[in-house]
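According to this note's numbering, the sequence shown is numbered sequentially starting from 133.
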Amino acid sequence: MAAPAMHQAPPPPPPPPRGTGGDFQARSLYVGDLPTDLTNPEDTLFNLFTKVGMVVSIKVCRDINSQRSLGYAYVNFQNPADAETAIKNLNFSEIRPGRQIRVMHSQRDPTLRKSGAGNLFVKNIDPEITTRGLYDTFKEFGTVLSCKLATDDDGKSRGYGFVHFESESDATAAIDALNNKTVGTKELQVQLFKKKAEREREEEKVFRTVFVKNISPDADEDAVKKAIPGIETLFLSGHPQHKTKFALVTMDTHENAVKLIESADAFDLAPIQFEGTKLFICRALKKRDRMAQRAGPQSNIYQSQGRNVYVKHLEDTVDEDALRAQFAPFGTVTSVAIMRDAQGNPRGFGFVCFDNKESATQAIREMNGKPVFSRRPLYVSQAMHKDMRHRILEDQRKNMMMQQRMAPMGGYGGPGFWGGPMMPAFGRGPMPSGMMPPFGPMGMRGPMRGPPGPPMGMPPRGFGPRGPMGYPPMRGPMVGFQSGPPPPRPPTVSGITSTELSKMTPEEQKNALGERLYARIQEINPQQAAKITGMLLEMDTPEILNVLEDRSMLDSKVSEAVAVLRQHAGGN
Numbered sequence: 133m134a135a136p137a138m139h140q141a142p143p144p145p146p147p148p149p150r151g152t153g154g155d156f157q158a159r160s161l162y163v164g165d166l167p168t169d170l171t172n173p174e175d176t177l178f179n180l181f182t183k184v185g186m187v188v189s190i191k192v193c194r195d196i197n198s199q200r201s202l203g204y205a206y207v208n209f210q211n212p213a214d215a216e217t218a219i220k221n222l223n224f225s226e227i228r229p230g231r232q233i234r235v236m237h238s239q240r241d242p243t244l245r246k247s248g249a250g251n252l253f254v255k256n257i258d259p260e261i262t263t264r265g266l267y268d269t270f271k272e273f274g275t276v277l278s279c280k281l282a283t284d285d286d287g288k289s290r291g292y293g294f295v296h297f298e299s300e301s302d303a304t305a306a307i308d309a310l311n312n313k314t315v316g317t318k319e320l321q322v323q324l325f326k327k328k329a330e331r332e333r334e335e336e337k338v339f340r341t342v343f344v345k346n347i348s349p350d351a352d353e354d355a356v357k358k359a360i361p362g363i364e365t366l367f368l369s370g371h372p373q374h375k376t377k378f379a380l381v382t383m384d385t386h387e388n389a390v391k392l393i394e395s396a397d398a399f400d401l402a403p404i405q406f407e408g409t410k411l412f413i414c415r416a417l418k419k420r421d422r423m424a425q426r427a428g429p430q431s432n433i434y435q436s437q438g439r440n441v442y443v444k445h446l447e448d449t450v451d452e453d454a455l456r457a458q459f460a461p462f463g464t465v466t467s468v469a470i471m472r473d474a475q476g477n478p479r480g481f482g483f484v485c486f487d488n489k490e491s492a493t494q495a496i497r498e499m500n501g502k503p504v505f506s507r508r509p510l511y512v513s514q515a516m517h518k519d520m521r522h523r524i525l526e527d528q529r530k531n532m533m534m535q536q537r538m539a540p541m542g543g544y545g546g547p548g549f550w551g552g553p554m555m556p557a558f559g560r561g562p563m564p565s566g567m568m569p570p571f572g573p574m575g576m577r578g579p580m581r582g583p584p585g586p587p588m589g590m591p592p593r594g595f596g597p598r599g600p601m602g603y604p605p606m607r608g609p610m611v612g613f614q615s616g617p618p619p620p621r622p623p624t625v626s627g628i629t630s631t632e633l634s635k636m637t638p639e640e641q642k643n644a645l646g647e648r649l650y651a652r653i654q655e656i657n658p659q660q661a662a663k664i665t666g667m668l669l670e671m672d673t674p675e676i677l678n679v680l681e682d683r684s685m686l687d688s689k690v691s692e693a694v695a696v697l698r699q700h701a702g703g704n
């Protein structure tokens, strides 16, 4: 059996959908290294994991704009024992020929995910070693939570990987035993994993290579070494494309490299300097760092890889310092900007940029809908470029027009319309099919079109009597047909299957799940069901799925929403 290979992604894996509740973590699995071009990944994962046990839900994480798979997913089992079996039997299994997946427990504690404790970086790996081989090499030192070999698009090893141990002591033992040990044909280098920002800070303290340009075309290596004492190695461009030469100079010490950059006047550089110019001297940068500098700060405003947060509904009295103070508890804030008009008056919105995506995500979750500077709740979301926002709005408009054209044929509940004033909450009966409750204040969305209503005389989907796990009650055999066990069905979430959800647009998913949320919340707080439903619908679809699956989680979310509503009412 060929050992599997894995695909590159920074460890640890991305955080799973938020929420708490009982043994959910023991039942929830993270599935990594999915091919991003896999057709119908939900169906593929369902067919694979149902061989082990009852699957409650499957969530393939996708790009919010393109809906392209991000290469990882979450699979929730009904039974924790089935989840353990899936890890043992399906880890490193082939999702398609030559492409294997990683299966591990999802880590719901963000502090553990970001701590990096027990995580090792392994480089100089023999190209013939696969992920399975890397795992087998390290597993004898303790419980391995995750093992990943970085590969290119063709599945070939890049020569490095990551091994995450459950215990820091096991990781230390692996370093002591395997660092500088020959495995295959190469000598492994094993060390504790460090984040990029930490590695860059360390490199700042030890760099010795300096870039020098505007060197005279008549200068040779001897002239450069004479002008700059302390050179250990030198590369001088021999055939310059332009009028001047450039050099990569490695100094004998870090201190001399810094001195050359900061105190160039201390060196006699005139003999190698091109006439009419001044030598340009700086630290030698890697290509990716040079590209980032060329992009400039303008591109970083919107293309900050999820670190930039958009904040709306700011009072005119709020300045950059006040905005920074509110968001500082979530992580290191690198920049804050409040947008102003030509006269310098604030426009009511701004941007907060963090140094990592995790801090930005946490800030959005905690601050969105929270009344901070006034009675009006803040609107907090990921910052997007203007062109991207226009494309999303255009797609939403086209989807709405298509639904309206199809309404007479599909049996929708009634004509669609946009948000208006708050309507009173519905009574104890089920919400009419095809219509979502309108949500006025609190920054919530207006009415949305729901899924097609059932034919006349049929109960709305998801509200009829159901048996265990959301399946319809068993019926007697039909006349003229042989009775037998019913065929297996995909997992359901309150009457809607995960397969159906995967085929819907994000807006259609929210509409379908909104009906089910409203019915559940009616049982807990009928007086405020409409408002609370609107608040919970602001969550991501995976979070809504978890709330529908776990009653204790739903109770917790409803309590939080009621507290926010009371706080809002008390301020009026």
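Note that the Cβ used here is the ideal one computed from N, Cα and C, for glycine as well.
What span of residues does the beta strand (DSSP E) with residue i cover, start to end?
| i | result |
| --- | --- |
| I470 | V465 to R472 |
| H237 | R234 to H237 |
| S491 | Per DSSP, S491 belongs to no beta strand (DSSP E); it is in the alpha helix (DSSP H), K489 to M499. |
| A282 | V276 to T283 |
| L252 | N251 to K255 |
| K444 | N440 to K444 |
| Q321 | Q321 to L324 |
| F462 | From DSSP, F462 is part of no beta strand (DSSP E); its letter is neither H nor E. |
| R415 | F412 to R415 |
What residues in its chain sit with their C-beta under 8 Å from that of residue i, if we drop five residues either side in the sequence?
| i | result |
| --- | --- |
| I496 | V441, V512, S513 and Q514 |
| R200 | T168 and R194 |
| N251 | P143, P144, F294, V295, H296, F297, A303, L324 and F325 |
If you follow the alpha helix (DSSP H) that residue i is part of, which residue opens it and which one closes it?
| i | result |
| --- | --- |
| G482 | Careful: G482 lies outside any alpha helix (DSSP H), inside the beta strand (DSSP E) at P478 to F486. |
| I307 | E300 to L310 |
| V679 | T673 to E681 |
| K663 | A661 to L668 |
What three-state label does DSSP hand residue i in the structure shown?
| i | result |
| --- | --- |
| E226 | strand |
| R456 | helix |
| A297 | A small fix is needed here, since residue 297 is Phe in this sequence, not Ala. Residue state, collapsed to three classes: strand. |
| G265 | helix |
| F270 | helix |
| N646 | For the sequence presented, residue 646 should be read as Gly rather than Asn. Reduced to three states, the DSSP call for G646 is helix. |
| A205 | strand |
| R507 | coil |
| K288 | coil |
| R231 | strand |
| Q210 | coil |
| K327 | coil |
| K313 | coil |
| K502 | coil |
| Q514 | strand |
| Q405 | strand |
| K418 | coil |
Between residue i and chain C, is any beta-carbon pair separated by less than 7 Å?
| i | result |
| --- | --- |
| L411 | The displayed structure is made up of one protein chain only, and chain C is not part of it. |
Between the options, which has its C-alpha nearest residue i's C-alpha?
| i | options | result |
| --- | --- | --- |
| E334 | K318, H386, F273 and K419 | H386 |
| S688 | D384, I656, D672 and P503 | I656 |
| F294 | L380, T263, A416 and E174 | T263 |
| T665 | L281, K642, P674 and I307 | K642 |
| V450 | I196, P461 and V468 | V468 |
| D448 | G476, G463 and R422 | G476 |
| M667 | D682, L202, A693 and Q659 | A693 |
| E353 | E330, P403 and A389 | P403 |
| Q239 | C414, K255, H296 and V342 | H296 |
| T493 | I470, G480 and T464 | T464 |
| L161 | L222, S369, F224 and V235 | V235 |
| V344 | H517, T409, L320 and P173 | T409 |
| F209 | F253, I196, P478 and V163 | V163 |
| L705 | L510, K328, F181 and N311 | Absent from the model: residue 705. The displayed extent of the chain is 133 to 704, so no value can be given. |
| E319 | S301, Y292, L180 and V338 | Y292 |
| K377 | P349, A398, R159 and K358 | P349 |
| F412 | S395, M423 and K418 | S395 |
| A398 | N388, F406 and E407 | N388 |
Using a Cβ-Cβ cut-off of 6 Å (strictly less than) and excluding sequence neighbours within five positions of residue i, which residues of its own chain qualify?
| i | result |
| --- | --- |
| L645 | I676 |
| V679 | M685, L686 and K689 |
| P167 | R231 |
| T382 | R340, T341, E364 and T365 |
| S278 | M236 and H296 |
Please determine whether the Cβ atom of residue i lies at a distance below 6 Å from any heavy atom of the ligand FMN.
| i | result |
| --- | --- |
| R290 | As far as ligands go, the structure on display features none, and thus does not contain the ligand FMN. |
Just to confirm my understanding: we take residue i, look at its own chain, exclude 5 residues before and 5 after, and list those with CB closer than 7 Å. What are they?
| i | result |
| --- | --- |
| R290 | Q140, A282, T283 and D284 |
| V322 | L252, V254, A306, I307, L310 and N311 |
Inset, instruction - Pick out the complete beta strand (DSSP E) segments inside the region 339 to 403, 3 residues or longer, and give them in chain order. - result: Those beta strand (DSSP E) runs which fall completely within the region 339 to 403 and span 3+ residues are 341 to 347, 363 to 368 and 377 to 383.
Inset, instruction - Go through the region 157 to 200 residue by residue and report every complete run of the beta strand (DSSP E) that reaches 3 residues or more, in order. - result: 160 to 164 and 187 to 194
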